Each structure stands twice: as C-alpha cells, then as structure tokens.
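Working notes, structure below.
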Amino acid sequence: MSEPVVQIRGLVKRYGDLVALDGVDLEIRAGEIFGLLGPNGAGKTTLISVVTGLARATAGEVRVLGRDVVADYRFTRRQVGLVPQEINFDPFFTVEESLHFQAGYFGVKLTEARLTELLGALDLAAKRTVSARALSGGMRRRLLIAKALVHEPRVLFLDEPTAGVDVELRRALWAYVRTLRDRGTTVVLTTHYLEEAEALADRIGVIDQGRLRLVEEKAALLARSGGRSLEQVYVELVGRKPAVAT
Amino acid sequence: MISLGFRTLLVKEIRRFLRVPGQTLATPLLTTTLYFLVFGVSIGHQLREVGGVPYARFIVPGLVLMGVMQNAYLNSASSLFVMKLQGTIVDVLVSPLSYAEILGAFVLAAVVRGLLVGGITWAVAGAFTGFEVAHPALALALVALAAAAFAAGGVVSAIWAQTFEQVNFFPTFFILPLTFLGGVFFSVRMLPPGLAAAARANPVFYMVDGLRFAMLGSSDASPWVGAGLVALLAAGAHTVAYLLLRSGWRLRG
Chain A
1 MSEPVVQIRG LVKRYGDLVA LDGVDLEIRA GEIFGLLGPN GAGKTTLISV VTGLARATAG
61 EVRVLGRDVV ADYRFTRRQV GLVPQEINFD PFFTVEESLH FQAGYFGVKL TEARLTELLG
121 ALDLAAKRTV SARALSGGMR RRLLIAKALV HEPRVLFLDE PTAGVDVELR RALWAYVRTL
181 RDRGTTVVLT THYLEEAEAL ADRIGVIDQG RLRLVEEKAA LLARSGGRSL EQVYVELVGR
241 KPAVAT
Chain B
247 MISLGFRTLL VKEIRRFLRV PGQTLATPLL TTTLYFLVFG VSIGHQLREV GGVPYARFIV
307 PGLVLMGVMQ NAYLNSASSL FVMKLQGTIV DVLVSPLSYA EILGAFVLAA VVRGLLVGGI
367 TWAVAGAFTG FEVAHPALAL ALVALAAAAF AAGGVVSAIW AQTFEQVNFF PTFFILPLTF
427 LGGVFFSVRM LPPGLAAAAR ANPVFYMVDG LRFAMLGSSD ASPWVGAGLV ALLAAGAHTV
487 AYLLLRSGWR LRG
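Chains as they are written, first to last, in the working numbering: chain A, 1 to 246; chain B, 247 to 499.
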C-alpha cells in the first residue's frame with residue numbers, strides 16, 4: 001500500500017480546559033474520499049485546522065506526504081487545499097483577481113488555461129470579472145472551492161461544504177468532488193449530514209468529544225452493520241441523532 | 247530572492263487601498279491641506295518667522311510626518327483587522343508564506359500609502375511655500391523609516407484588536423495627541439520652560455524635529471536624536487509584530 005497522504009498520531013488540542021482533540025490517530029489514503037462525521041463541536045474543524053496550519057497542536061504529530069506540518073510547513077501547505085466552513089470573500093476584488101492572488105500566495109502563477117478550467121468547472125465563468133461582493137451565497141461557496149484548488153493540491157479539505165446549501169448546489173458539489181477524486185485528488189470531507197457521507201465517502205470516520213470512535217470502509221461498515229442504516233450505527237456511537245440535510 | 251507569494255500579497259495590499267482612493271488618499275490630503283491653509287496660510291500670516299523660517303514653511307515637515315504616520319498605521323491596521331473580521335486571513339494563514347513575508351508585505355504596502363500621502367501633502371504645501379529640501383536623502387529616509395515603524399505598529403494593533411474601536415484606540419489616544427504636542431505647529435523655543443520640558447519628553451517631537459532639519463536645515467534638537475528614535479521605534483515595532491505573528495496569538499487557534 002502506498003504511503004498515506006496524511007498521518008496523524010496522538011493528536012491533542014486543548015483550548016484552556018476544553019479538550020477539542022483527545023489523542024487522535026488517523027491515516028488518510030491517497031486518492032480516497034474520507035468522510036469525517038460528528039456532531040457540532042466534536043472536533044472535526046479543529047482536526048482540519050491543525051493539518052492545514054490554522055491551529056497548533058498541543059501534542060502529537062501531523063504529517064502530510066511524510067513531512068511534518070510545523071517543521072516543514074512550506075512544503076506541506078503547498079500539498080493542501082482548504083475550503084473553510086465559514087464563507088469569506090474580499091469585497092475589494094473580482095473573482096478572477098481573488099484566484100490570481102490565492103495562486104500567488106502559494107507561489108503559483110495562474111495560467112489562463114487553469115483559470116478558465118476552474119471557472120468552468122465551478123460554473124463561475126460568467127462571473128469572472130464580477131466583484132466577490134456581488135456573488136450569491138452559492139457562488140461564494142464555489143469561489144472558495146476554486147481558491148482551494150488553484151494551486152492543484154494533492155489533498156483537499158472540505159469543512160462542511162454543503163452547510164446551508166440548496167439541494168441543487170449540493171448535488172453539483174458532490175459530482176465535482178467525485179470528479180476531483182477520479183483525477184487523483186484526495187478529499188477529506190467533514191459533515192454532519194450522514195446522507196452526504198453515505199453518498200460520497202470511500203471510508204468513514206466518526207469523531208465525538210475529540211475522540212475518533214470509528215474508522216472504516218463505508219461498504220464494510222454498512223455490510224457489517226447487518227442491514228442497519230448508517231444513521232443507526234452513528235446513533236449507537238454518538239448517542240444522538242445526526243443533523244438532517246434540508 | 248523575493249518570492250512570488252510576497253510580491254502577490256504586496257500587490258494585493260497596494261491595490262486594496264488604491265481601490266478606495268477617496269478614503270485612503272483624498273481624505274488625508276484634504277485634512278492636511280486644511281491644516282496647512284488654516285495654520286500655515288491664514289494664521290501663519292499673523293506670526294513671525296520661527297528660527298528664520300516663515301511659519302507656513304515651518305509647519306510643512308510636521309504635517310508631512312503626521313500624514314505619513316497616520317496613514318501607514320491605518321493601512322496595515324485596518325487591512326489586517328478587516329481580514330480577521332471577514333475570515334479572509336485564512337487565505338494567508340494556510341499558504342506557505344513565512345511570517346517575515348507576511349509582515350514585510352503588510353508593512354511595505356503601508357509605507358507606499360504613507361509616502362504617497364506624505365508626498366501629496368508636501369506637493370500641496372510646496373505650491374505655497376516652495377519645494378526646496380535641505381537634505382532630500384535624509385528626509386526620504388526619515389519619512390520611510392517613520393512609515394515602516396507605524397505600519398508595523400498597525401500590524402501589532404490589528405492582531406491585538408477584537409473590535410474596530412480598539413483599532414482606532416492607538417491613533418486617537420497616542421498618535422494624534424503626541425503629534426499635536428510634538429511640535430508640528432510650534433517650536434519648543436516658543437514654549438514656557440515647563441511645557442518645553444514636556445515637549446522634549448515626547449518622542450514624536452524628535453521625529454518632527456529631525457524631519458524639520460532634513461527639509462528646512464534647522465531644528466531645535468540634534469536631528470540624529472530623531473533619526474535614532476525612529477530607527478529604534480521601527481526595530482521595536484517590527485520585532486513585536488514578528489513575534490506576535492509567529493506566536494499565532496489571536497490569529498491561529
């Protein structure tokens with residue numbers, strides 16, 4: 001088996017007395033879609049934040065393609081793309097400018113071909129010269145994805161990408177995530193919608209109160225659960241029902 | 247070698263303030279021009295020369311420095327704080343940019359804005375009082391150093407601040423009073439002994455006085471005290487800003 005894209009060992013993250021991550025061990029395999037499930041406050045975003053450099057671990061080790069995310073951050077951050085949970089945009093700039101700047105931060109000169117490809121893939125071509133402030137919520141979400149992909153990362157972290165997104169856009173985003181995986185991008189997706197994890201993920205992890213309760217192939221998990229739905233398995237692990245996609 | 251990431255952040259920061267020229271360039275231009283017209287031209291006619299220099303000309307270095315300090319500070323402080331507020335700081339924090347590159351880009355963009363405002367102020371004043379500068383290289387060096395010092399101070403303030411009110415705390419309660427009491431509009435020789443001593447305890451006085459020497463060729467104190475203080479302030483502010491960025495305090499979880 002090839003080396004994992006992401007290796008997490010004994011990861012602990014504390015905020016004062018609050019233990020957000022409590023000794024997490026996890027490996028993400030190359031080319032998979034890994035669905036990280038858990039209720040609000042379980043530690044999903046904290047886990048992603050430590051890998052992408054937005055937060056610092058209290059203890060433990062995180063490696064991307066075998067390199068430490070702190071000691072070798074210049075290398076590891078070039079391999080990683082992040083779509084944050086909260087929509088953000090810079091109202092001073094157009095869609096095109098935002099993408100050029102984001103590529104530049106990663107030391108990449110954005111070519112016209114790559115720009116056109118990204119805008120087309122995310123249905124933003126008609127908005128190329130429009131200010132980010134004039135975009136709808138769904139378009140801003142797609143711009144975030146384009147920004148995260150602009151430097152062609154080996155692994156893409158999507159933090160609750162479809163929270164508050166309408167059904168049509170959700171389906172379109174799912175299709176695009178599968179396309180990315182088929183092209184070789186590893187995808188780590190956090191969600192509290194079981195439907196989303198069931199539709200997309202190759203493997204599923206369930207995290208609650210900072211601890212990984214389960215990591216398993218989705219197919220094996222569903223087969224092993226003896227006809228029970230993913231929701232029943234989740235309720236057994238977490239003790240409460242998941243959020244429902246609307 | 248200058249990295250593409252650094253150049254990109256620098257260009258983005260410069261374009262940001264150029265997108266709102268009414269706020270970032272025209273407003274300070276109007277304000278300092280009004281200072282010049284009121285204190286320099288109208289009231290200045292009632293005043294004699296100060297140290298052999300016409301009053302309208304005497305106040306130009308202080309007005310230039312005031313514009314430079316305020317705008318350099320505001321540029322880095324407001325830009326970084328708004329990025330924190332809007333969440334777009336994430337774009338920079340997940341990138342491979344080093345802390346020195348991030349600090350350098352914010353400071354340099356703010357220096358550009360400070361120098362633009364200072365240059366415009368000087369040009370407007372020059373139309374009334376003439377464009378002669380006694381020591382141009384020293385004047386440019388002092389102004390650039392002051393801009394860098396206050397730009398780094400703006401970065402510190404933006405990291406610390408959690409509300410807009412806190413961003414405005416430093417310019418309102420420190421820069422403005424210290425500038426006004428720092429001899430922009432007067433010479434310490436015009437003050438009674440007690441107030442003169444107080445003015446000499448104000449670091450901004452030495453900065454204004456140093457620039458006055460560089461632009462007009464005369465000053466109350468040694469210009470090298472001013473130059474030394476600005477250099478010290480710049481070094482201190484950059485050190486604190488760098489350490490704060492590296493610590494991740496109020497930026498990284």
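Just so it is clear, CB atoms sit at the ideal spot from N, CA and C, and this is done for glycine as well. Computed from a prediction, not measured in an experiment: that's the story for all the values here.
Against chain B, does A/N40 count as a neighbour if the rule is that its beta carbon must be under 8 Å from one of theirs? no
Tell me where the alpha helix (DSSP H) around A/T116 begins and ends. E112 to A121
Chain A contacts from the stretch 330 to 357 of chain B (Cβ-Cβ distance under 7 Å): Q332, G333, T334, V336, D337, V338, L339, V340, S341, P342 and L343
Which residues in the same chain as B/F451 place their Cβ atom closer than 6 Å to its Cβ, once the five residues preceding and following it in sequence are excluded? G428, G429 and A445
A/E168 (DSSP reduced to helix, strand or coil): helix
May I have the straight-line CA-CA distance separating B/L497 from B/I405, to the nearest angstrom? 7 Å
For B/P417, which of B/F459, B/G440 and B/V314 has the nearest alpha-carbon? B/V314
Note the first and the last residue of the continuous beta strand (DSSP E) segment covering A/A20. L18 to I28
Endpoints, beta strand (DSSP E) assigned at A/G81: V80 to V83
Spatial neighbours of A/Q7 within its chain, please: CB distance less than 6 Å, with the 5 preceding and 5 following residues excluded, ordered by chain position. E27 and R63
B/T279 lies in the alpha helix (DSSP H); which residues open and close that run? T273 to Y281
A/A59 - partner residues in DSSP beta bridges: A/V12
Which residues does DSSP list as the beta-bridge partners of A/I204? A/G35 and A/E216
Name the residues in the stretch 44 to 64 of chain A whose C-beta lies less than 8 Å from a C-beta of chain B; which are they? T46, S49, T52, G53, L54, A55 and R56
Please report the straight-line C-alpha distance between B/M453 and B/A473, rounded to a whole angstrom. 7 Å
Inspect the CB distances between the stretch 76 to 92 of chain A and the stretch 135 to 152 of chain A and report whether three or more fall short of 8 Å. yes
Measuring only the C-alpha atoms, how far is A/V19 from A/G38? 16 Å
Could you tell me the alpha carbon to alpha carbon distance between B/L491 and B/G399, rounded to whole angstroms? 13 Å
Using the Cα positions of B/G376 and B/R253, report the straight-line distance between them to the nearest angstrom. 37 Å
According to the Cβ coordinates, are B/L271 and B/A351 closer than 8 Å? no
Buried or exposed: where does A/V70 fall if 16 or more other Cβ atoms within 10 Å of its Cβ makes it buried? exposed
Give a yes or no on whether the minimum CB-CB distance between B/T254 and chain A is below 8 Å. yes
With a threshold of 8 Å between beta carbons, is B/S322 in contact with chain A? no
Exposed or buried, what is A/A219 when buried is set at 16 or more other beta-carbons lying within 10 Å of its beta-carbon? exposed
Can you name the residues that DSSP bridges to B/V296? B/V299
Give the DSSP-derived three-state secondary structure of A/S131 in the structure shown. strand
Starting from B/L250, find everything on chain A with Cβ-Cβ shorter than 8 Å and list it in chain order. G104, G107, V108 and K109
Tell me whether A/T94 sits in a helix, a strand or coil according to DSSP, three-state version. strand
Taking Cβ positions only, does A/L118 come closer than 8 Å to chain B? no
From B/Q408 to B/L326, what distance separates their C-alpha atoms? 12 Å
Does the Cβ-Cβ distance between B/L293 and B/Y301 come in under 8 Å? yes
Could you pull the start and end residues of the alpha helix (DSSP H) that B/F459 belongs to? P449 to L462
Beta-carbon separation (whole angstroms), B/A371 vs B/L309, contact threshold 8 Å: 7 Å
From this set, B/L349, B/P307, B/F419 and B/P267, which residue's C-alpha is nearest B/A487's C-alpha? B/L349
What are the boundary residues of the alpha helix (DSSP H) that includes B/F415? F410 to F416
Since I believe A/N40 is in contact with A/H192 (beta carbons under 8 Å), could you give me their beta-carbon distance rounded to a whole number of angstroms? 7 Å
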